[in-house]
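Engineer:
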Amino acid sequence: MRLSLRFVIPLLVALAIFAYAALPLVDKLMLRWFSRDLEVRANLIATTVDDPLHNLVRTGDRSRIQEFFTRLTQDERLFAVAFCPAETGDPVATPTLPAEVRCSDLDRFTQPSGDLLQTTSGPVFISVRPLVSGGKLVLVHDMSFIARRSRETRDYLFLFFVGLGLTVALITVVIAQLSWRGWVQGLRALLRGEGLLVVLGRAGGRGFAGPPPELRPIVKDLRALIEDLEADHRSRDGEQLAWSPATLRQILRRELRGQEVIVVSNREPYIHMRRGGGPGIEVWRPASGVVSALEPIMRACSGTWIAHGSGTADRDVVDAHDRVVVPPPPDAAAYQLRRVWLTEEEEAGYYYGFANEGLWPLCHIAHVRPEFRRRDWEQYNSVNAKFADTVVEEATSQDPIVLVQDYHFALLPQMIKEILPAATIISFWHIPWPNPEAFAICPWREELLDGLLGSAILGFHTQFHVNNFVDTVDRLLEARVDREEFAVTYRGKPTSVRRYPISVEWPPAAELLAVPVEQCRTEIRQRHNLPPEHAVGIGVERMDYTKGIEERLRAVERLLEVEPQWIGKFSFIQIAAPTRIHIEEYRTYEARVRDLATRINQRFPEAIHPPIILKIEHHQPNDIFEYYRGADLCMVTSLHDGMNLVAKEFVSARDDERGVLILSLFTGAARELPEALIVNPYDTDQCAAALQLALTMPSAEQRTRMRLMRGLIQDFNVFRWAGRMLMDAAAMRRRGRLPDIVAVPAGQRQGSALKRIGLR
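Numbers -3 to 756, taken from my numbering, label the letters of the sequence shown in order.
1. Assuming Gly544 contacts Phe568 under a Cβ cut-off of 8 angstroms, what Cβ separation, rounded to an integer in Å, is found between them?
2. Please report the Cβ distance between Leu290 and Gln401, rounded to the nearest whole angstrom; I am assuming they are in contact, meaning their Cβ atoms lie under 8 angstroms.
3. May I ask you to verify whether the segment 420 to 429 touches the segment 388 to 405, counting CB pairs closer than 8 angstroms and requiring at least 3?
4. What would DSSP say about Ala436, mapped onto helix, strand or coil?
5. Run the CB neighbour count on Gln698, radius 10 Å, all protein chains shown included, and call it buried at 16 or more, exposed below.
6. Mind the definition here: the segment 675 to 686 touches the segment 511 to 527 only if three or more C-beta pairs lie below 8 angstroms; say whether that holds.
7. For Gly535, which beta-bridge partners are listed by DSSP?
8. Can you check the segment 42 to 103 for any beta strand (DSSP E) of at least 3 residues that lies completely inside it and give the ranges in chain order?
9. Assuming Gln646 and Tyr624 form a contact by the criterion Cβ under 8 angstroms, report the distance between their Cβ atoms to the nearest whole angstrom.
10. Please determine, among Glu389, Ala649, Pro560, the residue with the shortest C-alpha to C-alpha distance to Ala506.
11. Could you tell me which residues DSSP puts in a beta bridge with Val128?
12. Looking at Arg311: is its Cβ nearer than 9 angstroms to the Cβ of Arg335?
13. Do you know whose CA, among Glu546, Thr92, Leu74, Pro504, lies nearest Leu635's CA?
14. Report back the beta-carbon spacing between Val552 and Pro607 to the nearest angstrom; my notes put them in contact at under 8 angstroms.
15. At the level of alpha carbons, what is the spacing between Gly189 and Leu252?
16. In whole angstroms, what is the alpha-carbon distance linking Phe757 and Pro292?
17. Check each candidate in Leu407, His524, Asp327, Lys382 and name the one with the smallest Cα separation from Asn627.
18. Among Ala603, Ile571, Tyr582, which one has its Cα closest to the Cα of Asp619?
19. Out of curiosity, what's the CA-to-CA distance linking Arg576 and Ile609?
20. Strictly by DSSP, which residues pair up with Tyr331?
21. When the distance is taken between beta carbons, is Ala690 closer than 9 angstroms to Leu673?
22. Kindly indicate which three-state DSSP category Arg720 falls into: helix, strand or coil?
23. Return helix, strand or coil for His461, following the three-state DSSP convention.
24. Is Tyr348 helix, strand or coil by DSSP?
25. Classify Met113 as helix, strand or coil using the three-state DSSP reduction.
26. Measuring CB atoms only, is the segment 426 to 440 touching the segment 478 to 487, in the sense that at least three cross pairs come out at less than 8 angstroms?
27. Buried or exposed: where does Asn464 fall if 16 or more other Cβ atoms within 10 Å of its Cβ makes it buried?
28. Considering only DSSP beta bridges, list what Gln401 is partnered with.
29. Where DSSP assigns a beta bridge to Val632, which residues make up the other side?
30. Could you say which of Met411, Glu390, Pro366 lies nearest to Asn380 if we only look at CA atoms?
31. By the DSSP assignment, the alpha helix (DSSP H) with Leu383 in it spans what residues?
32. So which of Asp470, Leu68, Val45, Leu333 has the shortest CA-CA distance to Val257?
33. Exposed or buried, which one is Ile247 when buried takes at least 16 other CB atoms within 10 Å?
34. Could you tell me the distance, in whole angstroms, from the CA atom of Ala344 to the CA atom of Asn352?
35. Can you tell me which of the three DSSP states Tyr486 falls into?
36. Whose CA, out of Val493, Ala362, Leu659, lies closest to the CA of Met631?
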């Protein structure tokens, strides 16, 4: 008991001192809160009485004005009202106006926060408001109610600290007694599974060296449970991690115990192509946001990437099992690429047909009519099944982690789940998800949803797309939807629907930043015969109608119309990688872009240097970064985009903290990079104004904006994107094991444990 008092008495004294010190602070805070409330009331009263008071002043009837003020003071907190005319004239006030308040001395009450005044009638708060009609309105608020409220608050606060002190004292005494008896030590041993019955044995006068053999399986399960709980606690601290390839590898070793990771995507990270039709082979890096995001992840994970082999020399470099180790020399090999071969008919139906003539325009609000054909759907189904078989072939365990990427494989999660029920499938939908009404256009909408809900985790870039998907499931399927947790239970299996905003590698690979910025500026201008001081803008996209390339070029044209000083002094370089040339809509779009660029250049014949430089060709990442680093601005005008990694790549490339990003509000990146110049790509004048602002922005402002954006990308990089998904998958796996440990009734635990080790 003496030991307990040593803790309790100082604790109570400390609480009393803290309570005594807190009371003045409470009074001050209450005074500040009520003062703000009275200021809001004063603004409301002044706005309300402005017009009627102006009419009364014009009549010159002081008695009516005074009667009007008297009605206002019927409010219990409004003590007095006065009107001070702007020019010569007598003020009008209620009889209760304190003598200390005079129209000739209102300057001391004109602070934004008003003023507190002690009068013979008690404390009052003075608010002076200028009227639109002229003159000033003086409002005197009664502050006596604050004293009553303060006394009540102090009483409640005193009682709270008394109760808190008694509660803490009681808990302290109980803990001290438990410690005295050694119960805490015994409880800790019990949780560790060590000496399960030691404490009870000692209490009964018997000593046990350890748990009996029949209980050892339970002890093992308890240890596993404690490890899982500790890992779950660590995963909740993931926000504090510095995300890097090493962090990702550590997560795989610690959270997932080195289990294999398989990525499935349509586009491969490295394409082997015949050089000019000859025997030489060159390696291409495709212009794909999915590849840009996943490639550094796979280097860190050392897993297997399954993709469609589309290069003209892809078959020449694989082994007998269609595998090739990547990256190619001189880089160190980091992971394995497994290629899947498709016939021309399969590629036409699955990729060009259903995926890109159907799902792509359906999910992007870009005013292109989606086309759905049954033969395309059949090929889409067949190719998804082919990739599912490949996943099973490549898996070396029954419970791999499979990351399924994008709209090409909506059916794949359910197909894998049927063959590998223990697999943890994470699907990520890289493009927008439409609202339920738009998605209902698809004839096979239920089948697509059924396939995606085979995932344990389904990710989108933005919360808006998450909401759209949950609404679509709720509208079209018989499933249980939990909107609080954003989870869907379908066919008895849960799917967690989450927002995982994708990003880029940080820091960028050293070779991408090897050339200094000034050298990049010089080289891209020399390459296009531009003078050193010439202003340059850059756009980097695939030649796709959702990217807003036409809108971007029209903005450049409009800039030269309204700001002719830029004619011949500004050029916009548009890099557009050719894509999906087998689809008529894409061929037509490319022709329109070419014609538009030619027309704009011909419209300004006085320009020594062309306003538009159009480069419809494939570029390697090193070349792209050279343009990022050498340009004065980057323009991203997507009409509808999931995230858009070009914007983030441009920011990551600018280690000189210069350059301006112009970003469409219809990209997911616009929600993360508000320091960019956010524009509506359909508003040509707004985009032209943004170009003018970017070209004239001071260096200090550029640096401030760029630092903020680079700081966000540093913290929220691609390793964090993948790491959060993998940590959520690890937590889901741990929860999946909990029923075997804690959900078994007490009387059955021993039997269950014995059954697991084969004794029953």
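All residues carry an ideal CB built from backbone N, CA and C; glycine is no exception.
None of these values were measured; they are calculated from a predicted model.
Structural biologist: So, from the data block:
1. Position 548 of the sequence shown holds residue 544. Position 572 of the sequence shown holds residue 568. In fact, because the Cβ distance is near 13 angstroms, the residues do not count as touching under 8 angstroms.
2. Taking the first residue of the sequence shown as 1, we reach residue 290 at position 294. Taking the first residue of the sequence shown as 1, we reach residue 401 at position 405. Indeed they touch by this definition, with Cβ atoms about 7 angstroms apart.
3. yes
4. One-based indexing of the sequence shown puts residue 436 at position 440. Three-state DSSP puts Ala436 in coil, outside helix and strand.
5. Sequence index remark: in the sequence shown, residue 698 carries index 702 (1-based). By the 10 Å Cβ count, Gln698 comes out buried.
6. no
7. Residue 535 sits at position 539 when you count from the first residue of the sequence shown. BP columns for Gly535 point to Gln570.
8. 74 to 80
9. Translated into positions along the sequence shown, residue 646 becomes position 650. Translated into positions along the sequence shown, residue 624 becomes position 628. The question names Gln, but residue 646 is Phe in the sequence shown. Right, the Cβ-Cβ distance comes to about 5 angstroms (below 8 angstroms), so this counts as a contact.
10. Here residue 506 corresponds to residue number 510 of the sequence shown, with the count starting at 1. Nearest option by C-alpha distance: Ala649.
11. Here residue 128 is taken as the residue at index 132 of the sequence shown, counted from 1. In the DSSP output, where bridge partners are listed per residue, Val128 has none listed.
12. On the sequence shown, residue 311 is found 315 positions in, with the first residue counted as 1. On the sequence shown, residue 335 is found 339 positions in, with the first residue counted as 1. It is a contact, given that the beta carbons lie within the stated cut-off.
13. Along the sequence shown, read from residue 1 onward, the residue named residue 635 stands at position 639. Nearest C-alpha to Leu635: Glu546.
14. Reading the sequence shown from its first residue, position 556 is the one you call residue 552. Reading the sequence shown from its first residue, position 611 is the one you call residue 607. Sure, about 6 angstroms apart at Cβ, within 8 angstroms.
15. Taking the sequence shown and counting its residues from 1, one reaches residue 189 at position 193. Taking the sequence shown and counting its residues from 1, one reaches residue 252 at position 256. Reliability of the predicted coordinates at Gly189 is poor, the pLDDT of 47 falling under 50, and no value is obtained from them.
16. Nothing about residue 757 can be read from this structure; the chain reaches only from -3 to 756.
17. Position 631 of the sequence shown, counted from the first residue, corresponds to residue 627. According to the sequence displayed, residue 627 carries Ala and not Asn. Closest by alpha carbon: His524.
18. As a working mapping, residue 619 is identified with position 623 in the sequence shown. For the residues Ala603, Ile571, Tyr582, the minimum Cα distance to Asp619 belongs to Ile571.
19. Position 580 of the sequence shown holds residue 576. Position 613 of the sequence shown holds residue 609. Rounded to whole angstroms, Arg576 to Ile609 spans 22 angstroms at the Cα level.
20. In the sequence shown, the residue the question calls residue 331 occupies position 335. Paired residues: Val322.
21. Position 677 of the sequence shown, counting from 1, holds the residue named residue 673. Position 694 of the sequence shown, counting from 1, holds the residue named residue 690. Yes; because the gap between Cβ atoms is below 9 angstroms, this pair is in contact.
22. Here residue 720 refers to the residue found at position 724 of the sequence shown. The answer is helix: DSSP assigns Arg720 an H, G or I state.
23. Taking the sequence shown and counting its residues from 1, the one referred to as residue 461 is at position 465. Reduced to three states, the DSSP call for His461 is helix.
24. Position 352 of the sequence shown, counting from 1, holds the residue named residue 348. Shown here, Tyr348 sits in a helix according to DSSP, grouped into three states.
25. To locate residue 113, count along the sequence shown from 1; it is residue 117. Note on identity: in this sequence residue 113 is Leu, with Met being the wrong assignment. Of the three classes helix, strand and coil, the one that applies to Leu113 here is strand, per DSSP.
26. no
27. On the sequence shown, residue 464 is found 468 positions in, with the first residue counted as 1. Classification of Asn464: buried, given that the 10 Å Cβ count is 16 or more.
28. Working through the sequence shown from its first residue, we reach residue 401 at position 405. Bridge partners of Gln401: Phe424.
29. Taking the first residue of the sequence shown as position 1, residue 632 is located at position 636. DSSP output for Val632 lists Leu659 as bridge partner(s).
30. In the sequence shown, counting from the first residue as 1, residue 380 sits at position 384. Checking every option, the nearest Cα to that of Asn380 belongs to Met411.
31. Indexing the sequence shown from 1 puts residue 383 at position 387. In the sequence on display, residue 383 carries Phe and not Leu. Its alpha helix (DSSP H) spans residues 370 to 390.
32. Residue numbering aside, residue 257 sits at position 261 when the sequence shown is read from its first letter. Ranking Asp470, Leu68, Val45, Leu333 by Cα distance to Val257 puts Leu333 first.
33. Numbered from 1 along the sequence shown, position 251 holds the residue referred to as residue 247. It counts as buried.
34. Mapped onto the sequence shown, residue 344 falls at position 348. Mapped onto the sequence shown, residue 352 falls at position 356. Cα to Cα, the separation comes out at about 10 angstroms.
35. In the sequence shown, counting from the first residue as 1, residue 486 sits at position 490. Note: Tyr486 maps to strand in three-state DSSP.
36. Counting from 1 along the sequence shown, the entry for residue 631 is found at position 635. The candidate whose alpha carbon is nearest that of Met631 is Leu659.
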